[in-house]
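Taking the UniProt record's numbering, the leading residue of the sequence shown gets 1, the next gets one more, and so forth.
All C-beta atoms, glycine included, are put in the ideal place defined by N, C-alpha and C.
The structure under discussion appears below in the form of structure tokens.
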Amino acid sequence: MSFGEPNNPYNAGPPQNQPGQPGYGYPSQAPQGVPPQGYPQQPGYGYPQAPQGVPPQGYGYPQQPGYPQQPGYPGGPGPRVASMGRRFGARMIDGVIIGIVYAILVVAGVAGSADSISDCDPSSAAYQSCVNDASGDFAASFGAVLGVLWVLTLLYEWLLIALVGATLGKLAVGLRVVKADTGQKPGLGSSFIRWIIPIVGSFACGIGQLLVYLSPFWDKSGRQQGWHDKAAGTMVVQN
1 MSFGEPNNPY
11 NAGPPQNQPG
21 QPGYGYPSQA
31 PQGVPPQGYP
41 QQPGYGYPQA
51 PQGVPPQGYG
61 YPQQPGYPQQ
71 PGYPGGPGPR
81 VASMGRRFGA
91 RMIDGVIIGI
101 VYAILVVAGV
111 AGSADSISDC
121 DPSSAAYQSC
131 VNDASGDFAA
141 SFGAVLGVLW
151 VLTLLYEWLL
161 IALVGATLGK
171 LAVGLRVVKA
181 DTGQKPGLGS
191 SFIRWIIPIV
201 GSFACGIGQL
211 LVYLSPFWDK
221 SGRQQGWHDK
231 AAGTMVVQN
């Protein structure tokens with residue numbers, strides 16, 4: 001049977017491509033700017049491209065988390081919470097500084113009272129009265145020394161924390177006190193609250209003050225805030 005016979009139903013000959021109909025073989029070249037119609041596009045090899053503004057997720061080590069995000073520290077990790085060892089060291093340095101000032105004042109007061117007692121004549125009938133007066137002067141001088149020491153402690157702790165953010169002891173070990181929600185210096189109000197709470201605790205034979213300074217050990221917030229820090233809204237951080 002041949003394709004040339006007139007009655008042959010297959011006389012149409014080999015199939016021809018009709019206009020608008022897809023042909024066999026490779027698809028025809030698509031017009032410029034129009035993607036070719038054919039096999040579905042396979043994703044390319046290599047690393048996937050992330051959309052603009054989105055950080056790529058690729059191979060390698062995952063990003064390590066930084067410090068816990070704290071309120072008031074937008075766009076970056078939170079501060080490094082001060083260790084209790086450094087805080088203890090800062091407190092010891094401050095204690096030594098205040099102790100030296102206290103010793104100087106006491107020695108000056110005692111020396112003045114001793115001179116007053118030495119001026120009393122033991123053979124005089126007024127000797128006992130002279131000694132009593134000298135003892136009264138010593139008590140007054142000692143009270144004045146305590147008052148001056150209290151004022152100096154107030155100014156030392158309160159003003160330095162408020163205006164600088166650290167006492168000399170904290171500066172020596174690289175610590176500072178900041179507002180827990182902003183990271184700024186505490187200011188006069190918060191610094192005074194932070195100072196007065198341990199002082200009030202000291203009236204109970206010093207036990208309350210000791211508990212205040214130990215209270216960061218029991219803080220479960222991760223900031224190691226003492227009771228005085230929580231009341232003042234502050235925290236101690238490392239530089």
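The Cβ neighbour count for residue 180, taken over all protein chains shown within 10 Å, is at least 16; the residue is labelled buried. By the Cβ criterion, the stretch 168 to 175 is not in contact with the stretch 185 to 202, since fewer than three pairs of Cβ atoms, one from each stretch, lie closer than 8 Å. A distance below 7 Å separates the beta carbons of residue 105 and residue 145. The three-state reading of DSSP puts residue 194 in helix, counting H, G and I together.
The Cβ atoms of residue 190 and residue 233 sit closer than 7 Å to each other.
Pairing residue 223 with residue 107 gives a Cβ-Cβ distance that is not under 7 Å. In its chain, beyond the 5 residues on either side, 138, 141, 142, 144, 145 have a beta carbon closer than 8 Å to the beta carbon of residue 109.
Counting every other CB atom within 10 Å of its CB across the protein chains shown gives residue 100 a total below 16, marking it as exposed. Remark: C-beta atoms of residue 218 and residue 157 do not approach each other more closely than 7 Å. In this structure, DSSP gives residue 179 an extended state, which the three-state scheme calls strand. Rounded to the nearest whole angstrom, the CA to CA distance from residue 205 to residue 239 is 34 Å. Take the alpha-carbon of residue 235 and the one of residue 102: they are about 28 Å apart. Distances from the alpha-carbon of residue 90 to those of 148, 79, 213, 227 put 213 closest. If you look at residue 234, you'll find it in the beta strand (DSSP E) that goes 234 to 238. Within the UniProt domain "RDD" (81 to 233), complete alpha helix (DSSP H) segments of at least 4 residues are found at 84 to 118, 127 to 154, 160 to 163, 168 to 173, 187 to 202, 207 to 214, 227 to 232, given in chain order. The C-beta distance from residue 167 to residue 229 rounds to 15 Å, too long to fall under 8 Å, and the pair is not in contact.
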